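Colleague: My structure is below; once you've seen it, I'll send some questions.
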Amino acid sequence: MTLRTLGCGEVKPAHYGTTQTFAGWVQTIRAKGTMAFLVLRDRTGLVQFVIKKEGNGPLFDQLTPLSPESVVSITGLVQATEKAKAGFEVIPSAAKVLNVAATPLPFALWDDKIETGIDTRLDNRYLDLRGNRSAAIFRIRHKVVESGSTWLRANGFQEIHTSNISGASSEGGTDVYKFDYFGRKAFLAQSPQLYKQMMMAAGMDRVFEVGWYFRAEKHNTVRHLNESTAFDLELSFIESEEDVMKAIEGLLSHIWKAVATDCAAEVATLKADVPVPTKGFRRVPYEEALTIINHELDTATDLPAELKMPHLKFGDDIGSSAEKVLWRAMKREGHDFYFITKWPLAPKPFYVMPEDGTQDSRLCRGFDLDYRGVELISGGQRIHDPVLLEAGIKRWGLDPKDFKDYLDAFRYGMPPHGGCGIGIERILMMMLGLPNIREAILFPRDVTRLTP
RNA sequence: GCCCCGGUAGUGUAGCGGCCUAUCAUGGGACCCUGUCACGGUUCCGACCUGGGUUCAAAUCCCAGCCGGGGCGCCA
């Protein structure tokens, strides 16, 4: 017996009068004495079966006692009817129980009144993913990765896969995971940064990687993970970081548009609002951002207490609260996406190009892209001169010897280049307004969660 | 690294010194129901994180532990 001839959500009027076999999970069984309604679900949707006991006793007795989420294959006649809200229903003639689900379920999957905590959901992720909300998030995630990769390939970016295991420690700025590698010290890569730069020396010109970031920080927030994924890109022969920002505009506009058009149902399920950018992303130089933030702090009358803070001055970081203050001003201007450019050099990673080409530079060619008040991307033009790069490594108190392989790549012809890293979970979280970034990755790793 | 907060049936909750052999919903068992689509009805089942302490009396107050959530910093 074929287990399936049609998806549960794929019934069209053309199928009325035909016999079809559906396979999926039992969503509900509504027994009404000697007749029962069974709703079956697969990833395409739902289908309702009507089973009358009269003349159909064995089938009735086989299906009616099934526990919710059991897996069955049911064959029946698809019939138009006004009695069912869908306009049709299926009269079963045969069924095969493929697997009976244990009871009770670890949580109430289909009851909108009961909002299960994120922890219970993650502990039972395979079940959680059957729900509309999580299923929608991961269909959109698929679309984000697919459309992003498509755009990058179409724009000359070659896909690469670099190593996540490294004998060299850190780019700085974060803690890394250390482990034993056949008796030697090794580290999990905090990002593909150094490797994708080496690919610029390799002459690949434009590369991207859908890669993993490992960060050993004990942060405890709804927007950080210890293991996350990202689009990482790097481009050669750029004139300035502006070329990188242009690529980001193209990429994100394409992704937002793809999701808005191809995942409209999923976006609606999540009650999200995915605004397709219609204009260029605003560029806000760091010093202008300070002015805007300080002005907002002075003039806003409806500033929430948690956003009240002292004025920012040159050199201060724009923290997560200040980012939200800036967003208030950007929102009024109609910008969901905006770059913060020309940061002070001092706090930026050693590979960021100083504005004036020396390590004493006041500003640098790094930028962040914020979306609705949260950092989505950081990037910039990189240093391509080995002497300047080595000075940058020293500026961070790191030892150039630890970066020998990386530095060597700059000695034999490194083109001017730049790039960025774009957190995929951040994209999803921000695009869909998810309250917790853990919802955007199948098996989140945070300070306390190591399983499943 | 710093700072808040919380742990009550499988799940989500109410109760915050005695009215608690703990509320409601969902769930599970039994029974009833031939048009449900958040099906309905009757009935039963199932929980106060652990250990100390205060008190005539602790789910409730205090202390410790364990577990968890969140904010800041850092960042994606």
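Using our numbering, read the first sequence as starting at 4 and increasing by one per residue.
Even for Gly, the Cβ is constructed at its ideal location relative to N, Cα and C.
Since the structure is predicted, the reported quantities are computational estimates derived from the model, not experimental observations.
1) Just curious, the beta strand (DSSP E) that R187 is in, first and last residue?
2) Does DSSP classify R124 as helix, strand or coil?
3) From the DSSP output, read off the bridge partner residues of T24.
4) Just mark V2 as buried or exposed, buried being the case when its beta carbon has 16 or more other beta carbons within 10 Å.
5) The beta strand (DSSP E) that contains H227, what's its start and end?
6) Does the beta-carbon distance from F370 to M248 come in below 8 Å?
7) Per DSSP, V147 forms a beta bridge with which residues?
8) Three or more C-beta pairs under 8 Å: does that hold for the stretch 158-165 against the stretch 191-199?
9) I'd like to check one pair, D339 with Y374: are the Cβ atoms closer than 8 Å?
10) Going by DSSP, which residues form a beta bridge with P288?
11) Could you check what DSSP says for C11 in three-state terms: helix, strand or coil?
12) Could you tell me which of I386, V287 and P280 sits nearest to L254, measuring between CA atoms?
13) Between the beta-carbon of V210 and the beta-carbon of E237, is there less than 8 Å?
14) Tell whether a beta-carbon distance below 8 Å holds between V75 and V100.
15) Taking the C-alpha atoms as reference points, what is the distance between A303 and R285?
16) I need the boundaries of the beta strand (DSSP E) containing Y374, first residue and last residue.
17) Ordered along the chain, which non-local residues of its own chain (more than five positions away) have a Cβ less than 8 Å from that of L9?
18) Measuring straight from C-alpha to C-alpha, what distance separates D208 and D411?
19) When the Cα of S150 is compared with those of S256, D126, L108 and F185, which residue comes out closest?
20) In the stretch 42-102, which residue ranges form an unbroken alpha helix (DSSP H) of at least 4 residues, counting only runs that do not cross its ends?
21) Could you tell me which residues DSSP pairs with L238 in its beta bridges?
22) Touch check for the stretch 439-455 and the stretch 212-225: three-plus C-beta pairs under 8 Å?
23) Return the first residue and the last residue of the alpha helix (DSSP H) that V270 is part of.
24) Tell whether a beta-carbon distance below 8 Å holds between M417 and Q384.
Modeller: Short version:
1) Here the beta strand (DSSP E) through R187 covers R187 to L191.
2) Note: R124 maps to helix in three-state DSSP.
3) Answer is T78, bridged to T24.
4) A question about residue 2 goes unanswered here, because the residues of the chain that appear run from 4 up to 455.
5) Counting along the chain, H227 falls outside any beta strand (DSSP E), and DSSP gives it neither H nor E.
6) Against a cut-off of 8 Å, the Cβ pair of M248 and F370 comes out as a contact.
7) According to DSSP, which records beta bridges pairwise, V147 is partnered with nothing at all.
8) The stretch 158-165, when compared against the stretch 191-199, does touch it at the 8 Å Cβ threshold.
9) If you check the CB distance, Y374 and D339 come in under 8 Å.
10) According to DSSP, P288 bridges with T344.
11) C11: helix per DSSP, three-state reduction.
12) Of the listed residues, the one whose Cα sits closest to L254 is P280.
13) In this structure, V210 lies near E237, with their beta-carbon atoms less than 8 Å apart.
14) Contact: yes.
15) Cα to Cα, A303 sits roughly 21 Å from R285.
16) It spans G369 to Y374 - the beta strand (DSSP E) in which Y374 sits, taken as one unbroken run.
17) If we look at L9 and ignore the five residues flanking it on each side, its Cβ neighbours are H18, Q23, T24 and F25.
18) Their backbone Cα atoms lie some 18 Å apart in a straight line.
19) Of the candidates S256, D126, L108 and F185, the one whose C-alpha sits nearest the C-alpha of S150 is S256.
20) As far as the stretch 42-102 is concerned, its whole alpha helix (DSSP H) runs of at least 4 residues are 60-66.
21) DSSP output for L238 lists R209 and G421 as bridge partner(s).
22) Output reads yes: the stretch 212-225 touches the stretch 439-455.
23) Start and end: A267 to T272.
24) Contact: no.
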